[in-house]
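Presented below is the structure to which this report refers.
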Amino acid sequence: MVLNIPILLGTTRPNNKSSLVARYVNSITTEIDGVETFIVDPKEFNFPLDGKDEQVKDPRYTKITAQADAFFVVTPEYNHSFPGTLKRMLDSELKNYIHKPVAVAGVSSGIFGGARVIEQLAPVFRELGLVYTFSDVHFPEVDKLFNKKGNFIGDEQLYRKLINTAFEELVWMAKVLKYGRESLENRYH
Ligand SMILES: Cc1cc2nc3c(=O)[nH]c(=O)nc-3n(C[C@H](O)[C@H](O)[C@H](O)COP(=O)(O)O)c2cc1C
């Protein structure tokens, strides 16, 4: 069984550092057996207006969320919360998230590594029917973690371990919930 896990990038800010983090995470998670990860960059999708009616959805995002077994979000913290772009993208679907797990990597230029955005996302995920894991990854002082070419120059051993631990939990949850969705009767699937 190969688990399909999109990495949702949370921002479209020009030259944002979170996309370097997403790329770094993806380079590690593609090595994990039984997992297929890929980056979903919101700037490549079309969400001009609010809501989840057919005319404001992006069908490509609908397909990605329908096929996903779990989600990994890489997001910066903006004013102690999540970027509007991430919320807009998440808001465009509902039933495709129900009873699927999600984990988060927070990114910041300061020392907290997106701790506040990670907390702020909990009520949003809960309302979407997602199951939030407890193994977060923090990328504090992100400017020091990548060189000018965008290559990771932080503590490779540490971050590899943090990402693998987060995915270990996410994969376990994904398997449990996939079994539940496919085998146990429920009004949503
Ligand atoms: C609109 C805006 C708000 C921000 N608010 C915060 C914040 O609340 N906490 C924080 O640690 N960094 C904050 N930052 C700085 C980000 O941590 C910094 O830009 C970092 O590189 C991650 O964001 P990026 O992916 O957009 O580069 C903010 C940046 C922007 C553009």
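Counting from 2, one number per residue, gives the positions in the sequence shown under our numbering. All C-beta atoms in this analysis are idealised placements derived from N, C-alpha and C, irrespective of residue type, glycine included.
In this structure F39 is exposed. Its beta-carbon is surrounded by fewer than 16 other beta-carbon atoms within 10 angstroms.
In the three-state reduction of the DSSP assignment, I112 falls in the coil class, being assigned neither a helical nor a strand state.
Distance check between S20 and each of E55, V108, N5 places V108 closest, using alpha-carbon atoms only. In the three-state DSSP reduction, T13 falls in the coil class, being neither helix nor strand. For the region 126–190, the full-length beta strand (DSSP E) segments reaching 3 residues or more read 138–140 along the chain. Residues of the same chain with a CB within less than 6 Å of the CB of Q158, apart from the 5 flanking positions on each side, do not exist.
Distance from the C-beta of T12 to the nearest heavy atom of ligand 1 is below 7 Å. If the five residues before and after L87 are omitted, its C-beta is found closer than 6 Å to the C-beta atoms of G11, T76, all from its own chain and listed in chain order. In this structure, the C-beta of K18 approaches ligand 1 to less than 7 Å from one of its heavy atoms.
Beyond the five residues adjoining it in sequence on each side, R117 comes within less than 6 Å, by CB distance, of E78, H81 in the same chain, given in chain order.
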